[in-house]
Amino acid sequence: RDVERSRGLGDVYKRQTFIHSLNVAILCNMFGHWINMPQDDLDVLTLAGLLHDVGKMKIPEEIIKKPGILTEEEYTEIKNHPRRGYNLLKPMKLDERIKKVALMHHERCDGSGYPDGLRGDQIDEFAKIVAIADVYDALTSARVYRGALCPFEVINMVVEQDGDKRFDPKYLHCLLYTSPSPRDLSTS
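Here the numbering used here is used: the first residue of the sequence shown is 34, the next is one more, and so on.
See the structure below:
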């Protein structure tokens with residue numbers, strides 16, 4: 034019974050990870066449109082959003098499936114997924130920006146991110162966009178440990194928690210001021 038339950042959690046996690054990656058790719062594509070990105074760059078950004086969490090495939094299943102609070106060691110292991118993703122993609126014939134996104138999507142402009150504590154201009158521009166899309170989707174999606182948060186609540190949270198210092202303001206403001214209203218979406 035525990036094995037069946039564990040397998041079920043793994044399937045749920047795989048589905049959630051796939052949906053999250055797809056959502057991040059779609060959000061990145063929208064970002065690219067909002068900033069009038071050339072089509073070639075838009076394609077790269079969208080694929081980077083899709084592959085940003087590929088390193089999670091290299092995290093032990095018992096950590097990925099764990100429904101409770103992670104230990105410090107387990108959290109350290111989770112924080113290794115960006116480097117593992119980069120190492121998976123490194124030998125592939127992909128645009129370097131996609132590889133950098135896998136490595137840098139948890140870096141923050143104020144240096145508080147991981148795996149390397151990079152700051153501002155040290156972080157790839159595509160990784161800055163994917164970071165915002167990643168956080169936005171993670172918070173607006175239901176998780177085992179909490180329900181989905183309202184998009185307005187998420188934006189308020191990000192702004193109140195020094196979002197303009199942690200994220201590149203030019204991209205954060207793009208999300209805040211350029212995203213279409215529901216009325217715009219219904220007329221397109």
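Virtual Cβ for every residue (Gly too), placed ideally from N, Cα, C.
Since the structure is predicted, the reported quantities are computational estimates derived from the model, not experimental observations.
The alpha helix (DSSP H) that contains residue i, what's its start and end?
i: K133; result: E129 to M137
i: E106; result: E105 to I111
i: N69; result: It is not in any alpha helix (DSSP H) - N69 carries neither H nor E in the DSSP assignment.
i: D228; result: Because the chain here runs from 34 to 221, residue 228 falls outside it and cannot be looked at.
i: I92; result: Segment: none, I92 is in no alpha helix (DSSP H) and carries neither H nor E.
i: I102; result: Run containing I102: none; DSSP gives neither H nor E here.
In three-state DSSP terms, what is residue i?
i: R223; result: For the chain, the structure presents residues 34 to 221; residue 223 sits outside this window and is missing.
i: I125; result: The question names Ile, yet the displayed sequence has Met at residue 125. Three-state result, M125: coil.
i: H206; result: helix
i: D157; result: coil
i: H53; result: helix
Just grab the DSSP bridge partners of residue i for me.
i: D143; result: R152
i: R176; result: R179
Are the beta-carbon atoms of residue i and residue j separated by less than 8 Å?
i: D157; j: V191; result: no
i: P148; j: R199; result: no
i: V187; j: G82; result: no
i: Y108; j: L136; result: no
i: S54; j: D74; result: no
Verify the CB distance criterion: does residue i have a CB-CB separation below 8 Å to chain B?
i: K89; result: Given the protein chain composition of this structure (a single chain), no chain B is represented.
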